[in-house]
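K.L.:
The opening residue of the sequence shown carries number 0 in numbering that gives the first Met the number 0; numbering runs sequentially from there.
Backbone N, C-alpha and C fix where the C-beta goes; we use that ideal spot for every residue, glycine too.
Keep in mind that this is a model prediction, so the values were computed, not measured.
Sharing a structure, written as structure tokens. Questions coming.
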Amino acid sequence: MRRPLHLLSAVVLAVFVGGSALAQTPAPAGAPVVAPPLSLTALIDQAIALFPKVEADVAEVQGRTLTLTAGRSAGVMPGLVLEVYREGREIKHPRTGAVLGRAEDTLGRVAVSAVYDGYSTATFDGTGVSAGDRVRTPPGKVRLAVLPLTAPGTKDTLVEAAVTELYDGLNRSGRFAVTLGEQVAPSLRQQGITPEQALGGRGIPEAMRAFKLENLLIVHFKTVEKKPFMEIRLFTAERAAAALTTAMFVPSSIKPVQPGRFSGSDRAGPGTPERKPRSLLARLLGGDLESNKYSAGEASIPLVEVGRVDFLVISMDVAIAPGDRIPRVALTDGERLFVYRIENRVLVPDWTLSARSMGRVYSVQLADLLGDGSLQVVANRYDGRLGMNSIVAGLKNGKPATLVDQIDAFLLAVDEKGTGVKQTLWAQPYSAEAFFTKGRVDKMVVRDGSLVRERAVAVPDNFRATGAALAAVMGKDQRALVYIDEQHRLRVSSGTEELWTSSSLVGGGSPKIEVQRMIERGGRSFFYQLEPIPLAIDLDGDGVQEVVVPQNQLEGMLAVVYRGPAGIRLQQLNSGFEGTIASLGGYPNEDGGTPTLVAAVVRHKNILKTSGSTQIIMTVAE
0 MRRPLHLLSA VVLAVFVGGS ALAQTPAPAG APVVAPPLSL TALIDQAIAL
50 FPKVEADVAE VQGRTLTLTA GRSAGVMPGL VLEVYREGRE IKHPRTGAVL
100 GRAEDTLGRV AVSAVYDGYS TATFDGTGVS AGDRVRTPPG KVRLAVLPLT
150 APGTKDTLVE AAVTELYDGL NRSGRFAVTL GEQVAPSLRQ QGITPEQALG
200 GRGIPEAMRA FKLENLLIVH FKTVEKKPFM EIRLFTAERA AAALTTAMFV
250 PSSIKPVQPG RFSGSDRAGP GTPERKPRSL LARLLGGDLE SNKYSAGEAS
300 IPLVEVGRVD FLVISMDVAI APGDRIPRVA LTDGERLFVY RIENRVLVPD
350 WTLSARSMGR VYSVQLADLL GDGSLQVVAN RYDGRLGMNS IVAGLKNGKP
400 ATLVDQIDAF LLAVDEKGTG VKQTLWAQPY SAEAFFTKGR VDKMVVRDGS
450 LVRERAVAVP DNFRATGAAL AAVMGKDQRA LVYIDEQHRL RVSSGTEELW
500 TSSSLVGGGS PKIEVQRMIE RGGRSFFYQL EPIPLAIDLD GDGVQEVVVP
550 QNQLEGMLAV VYRGPAGIRL QQLNSGFEGT IASLGGYPNE DGGTPTLVAA
600 VVRHKNILKT SGSTQIIMTV AE
């Protein structure tokens with residue numbers, strides 16, 4: 000490898016140009032104006048007050064208009080969304096006869112349209128509601144997206160600090176599930192909408208529908224009387240006017256963040272010098288190297304070629320075996336499974352197994368599924384006649400063998416416990432009609448040479464068991480599902496709840512599976528794109544993992560996803576690799592130092608990309 004990583008600068012906040020920094024934005028007509036908060040805590044309290052926990056009865060029904068027995072005194076406000084349900088029979092304990100509750104039938108949701116002292120009216124889109132039914136606040140947290148906008152001359156470091164405090168405070172309240180609405184900013188800018196116009200509501204309802212946002216908190220940073228100033232609007236999906244309109248000076252207690260801090264937990268106090276040496280994450284995101292130039296400085300990332308094979312690597316994975324603590328690499332050319340040990344920065348063959356007899360292998364993952372400290376290879380295999388025919392391979396009596404065969408599902412090995420080794424196996428059933436079975440994933444265990452279902456796993460409906468991993472990207476003890484969707488967007492979710500979606504395309508470079516189906520009198524081919532598995536690894540030693548994923552839409556591009564001071568961020572960087580990044584792997588340093596990253600870089604020899612070679616490159620721990 001002759002080229003070091005070429006690093007791109009991060010775009011931290013969307014900056015709108017236009018409008019006077021000193022101009023005061025008038026409140027939109029009909030929007031409630033509250034007293035200016037004295038602190039961010041007061042602002043958070045005002046936001047919480049917009050979403051009270053309400054339980055009430057339906058007093059009467061007139062067409063689509065419901066009259067509810069809760070009004071202004073109960074905290075009800077226009078735009079509040081409530082769940083309508085009907086109580087049924089009592090449910091009793093079979094032995095004691097104690098009443099445990101009542102059966103419930105959910106009828107839909109209503110949006111409050113008008114509020115009075117003792118009652119309110121709401122609009123219901125469905126049918127079947129009658130007097131005596133009940134309404135309540137929907138279960139779960141309120142989904143709130145925060146959109147920071149800045150005027151020219153505003154310090155980005157101060158904006159980051161203020162948004163960090165607001166983001167963390169909203170999360171700590173326990174009432175909100177907070178994400179960044181940064182994908183809205185480019186959309187508004189393309190339409191020529193200025194921050195002042197956005198505060199007035201122009202383009203906001205359309206943007207919220209386009210990006211499926213339930214609630215949007217816009218914070219416009221500007222300078223007033225030579226002091227940093229914030230104008231705040233909170234919009235809900237059910238109301239055109241802002242539900243909250245307020246403004247305040249940035250509290251003096253908020254200080255600009257120090258440069259070079261990336262993960263949310265990696266913040267130092269005032270006057271604390273940046274740690275030396277710089278973390279791998281800091282060097283990846285903040286380096287200033289030039290292409291084709293080596294550097295001995297701290298921003299450099301030493302690289303070494305550990306192996307080269309004269310075939311196209313379809314998939315690769317890297318892990319440290321729990322038993323002997325030796326890093327291993329698994330890779331496939333579609334027909335064979337290769338396992339190597341990494342010893343003295345060289346790939347040493349461990350074992351090889353032919354797996355082509357009943358399909359072509361499209362992905363490999365290393366996992367400890369038997370609990371004996373050894374690593375098995377989870378291989379997803381497909382055959383045009385048989386469909387999915389995945390396997391689990393490993394050593395049996397010291398010889399490579401297929402441990403579990405003919406699995407009619409897509410397999411995904413995940414690190415569910417956060418041990419650093421994948422020890423849990425998920426399976427998404429294969430469907431001859433839809434390919435991926437929508438919304439269904441099961442946790443499986445290896446038992447007596449077969450896979451046994453243990454329980455269902457909650458995943459989003461658009462989840463596909465390709466290009467996915469569990470990562471502590473939201474916090475040290477918060478494992479989230481990170482996956483590439485069908486539109487090549489990287490998504491972060493918790494259970495079925497979506498937390499973040501990238502605006503940039505990721506993945507690519509992996510093979511497509513062709514499926515032929517008979518339609519009417521002839522056959523038709525359908526193609527399904529598989530994706531490289533994102534690498535979840537702690538790059539800066541703070542316990543919060545980052546996610547690194549190829550962006551093969553352009554040669555050599557990578558995306559680093561990390562929790563910044565104001566939520567999840569994505570930064571693109573040019574690795575300098577000449578070829579397609581087929582897979583990424585990595586493992587932590589045993590001494591707690593810089594982790595090691597491994598990349599499989601494919602170079603094709605012909606335009607059809609049917610032949611070529613692969614270079615295995617790794618970073619060198621310092």
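Let me check one thing: in DSSP terms, what residues is Y166 bridge-paired to?
P.N.:
Y166 pairs with nothing; no bridge assigned.
K.L.:
Less than 9 Å separating the beta-carbons of V134 and V223?
P.N.:
No.
K.L.:
Anyone know if the C-beta pair for A121 and L148 falls short of 9 Å?
P.N.:
Contact flag unset, no.
K.L.:
Determine the burial state of L553: buried for a count of at least 16 other Cβ atoms within 10 Å of its Cβ, exposed for fewer.
P.N.:
Exposed is the call here.
K.L.:
In whole angstroms, what separates the C-alpha of G417 from that of G466?
P.N.:
Rounded to whole angstroms, G417 to G466 spans 19 Å at the Cα level.
K.L.:
So within the stretch 457-489, which uninterrupted beta strand (DSSP E) runs reach at least 3 residues, ignoring any that extend past its ends?
P.N.:
With a minimum length of 3 residues, the continuous beta strand (DSSP E) runs that stay inside the stretch 457-489 are 467-474 and 477-483.
K.L.:
Please report how far the alpha carbon of G566 lies from the alpha carbon of L330, in whole angstroms.
P.N.:
Each residue's alpha carbon lies about 34 Å from the other.
K.L.:
Using a Cβ-Cβ cut-off of 7 Å (strictly less than) and excluding sequence neighbours within five positions of R232, which residues of its own chain qualify?
P.N.:
Cβ neighbours of R232 beyond the five flanking positions: L198, I217, A241, L243 and T244.
K.L.:
Looking at the strands, I want to know which residues DSSP matches up with G622.
P.N.:
Because the chain spans 0 through 621 in this model, residue 622 falls outside it and cannot be assessed.
K.L.:
Give a yes or no on whether 9 Å exceeds the smallest Cβ distance from P185 to chain B.
P.N.:
The structure shown has no chain B; it contains just one protein chain.
K.L.:
DSSP state of P301, grouped into three classes?
P.N.:
It is coil, neither helix nor strand.
K.L.:
When you compare the CB positions of A464 and A378, do they come within less than 9 Å of one another, or not?
P.N.:
It is not a contact, given that the beta carbons lie outside the stated cut-off.
K.L.:
Quick one: Cα of G592 to Cα of F210, how far?
P.N.:
In a straight line, the C-alpha of G592 is about 40 Å away from that of F210.
K.L.:
According to DSSP, is V109 part of a helix, a strand, or is it coil?
P.N.:
Reduced to three states, the DSSP call for V109 is strand.
K.L.:
Could you spell out the range, first to last residue, of the beta strand (DSSP E) harbouring A58?
P.N.:
First-last of the beta strand (DSSP E) with A58: E54 to Q61.
K.L.:
Just grab the DSSP bridge partners of M247 for me.
P.N.:
M229.
K.L.:
With a threshold of 6 Å on Cβ separation, who are the neighbours of F310 within its own chain once the five nearest residues in sequence on each side are excluded?
P.N.:
Counting only Cβ-Cβ distances below 6 Å, and skipping sequence neighbours, we find D332.
K.L.:
At the level of alpha carbons, what is the spacing between S72 and G117?
P.N.:
Answer to the nearest angstrom: the Cα atoms are 7 Å apart.
K.L.:
Please state the DSSP three-state secondary structure of A378.
P.N.:
Note: A378 maps to strand in three-state DSSP.
K.L.:
Between the alpha carbons of M387 and A366, how many angstroms are there, rounded?
P.N.:
Answer to the nearest angstrom: the Cα atoms are 20 Å apart.
K.L.:
Just verifying my parser: in three-state terms, what is the DSSP assignment at S8?
P.N.:
Residue placement at S8 cannot be trusted, given a pLDDT of 30 that sits under 50; what the coordinates show is reported in the next sentence. Residue state, collapsed to three classes: coil.
K.L.:
Taking only the alpha-carbon atoms, compute the straight-line gap between G542 and T66 and give it to the nearest angstrom.
P.N.:
Looking at the two C-alpha atoms, the distance is approximately 51 Å.
K.L.:
Who are the near neighbours of L165 in its chain, counting only those whose CB is closer than 6 Å to its CB and skipping five residues on each side?
P.N.:
Closer than 6 Å at the Cβ level, and outside the excluded window around L165, lie L39.
K.L.:
Can L157 and F220 be called in contact, C-beta distance under 9 Å?
P.N.:
Their beta carbons are under 9 Å apart, which means L157 touches F220 by this criterion.
K.L.:
May I have the straight-line CA-CA distance separating T64 from E496, to the nearest angstrom?
P.N.:
Approximately 30 Å between the Cα atoms of the pair.
K.L.:
Bridge partners for N214 per DSSP, in chain order?
P.N.:
Note: N214 sits in a beta bridge opposite T235.
K.L.:
Secondary structure at D44, three-state DSSP: helix, strand or coil?
P.N.:
Looking at D44 - three-state DSSP - the assignment turns out to be helix.
K.L.:
Nearest-angstrom Cα distance between F435 and S252?
P.N.:
About 51 Å.
K.L.:
Count the C-beta pairs between the stretch 575-586 and the stretch 500-514 that are closer than 8 Å, then say yes if the count reaches three, no if not.
P.N.:
Cβ pair count under 8 Å is three or more, so yes.
K.L.:
Whose C-alpha, out of A412, V391 and R208, is nearest the C-alpha of D647?
P.N.:
Only positions 0 to 621 of the chain appear in the structure, and residue 647 is not among them; the question remains open.
K.L.:
Excluding the five sequence neighbours on either side, which residues of its own chain have a C-beta within less than 6 Å of the C-beta of V376, listed in chain order?
P.N.:
Closer than 6 Å at the Cβ level, and outside the excluded window around V376, lie A329, L336, V363 and A392.
K.L.:
Could you check whether F234 and G200 sit closer than 9 Å to each other, using their CB atoms as the reference points?
P.N.:
In contact: G200 and F234 (Cβ atoms closer than 9 Å).
K.L.:
Report the three-state DSSP secondary structure of P326 (helix, strand or coil).
P.N.:
Strand.
K.L.:
Is the distance from the Cβ of Q544 to the Cβ of A558 below 9 Å?
P.N.:
No.
K.L.:
Using a Cβ-Cβ cutoff of less than 8 Å, which residues in the same chain neighbour T351 once the five nearest sequence positions on both sides are dropped?
P.N.:
These residues qualify, in order along the chain: R335, L336, F337, V338 and P399.
K.L.:
Any idea if P77 is buried or exposed, counting beta-carbon neighbours within 10 angstroms, 16 or more meaning buried?
P.N.:
Buried, because 16 or more other Cβ atoms sit within 10 Å of the Cβ of P77.
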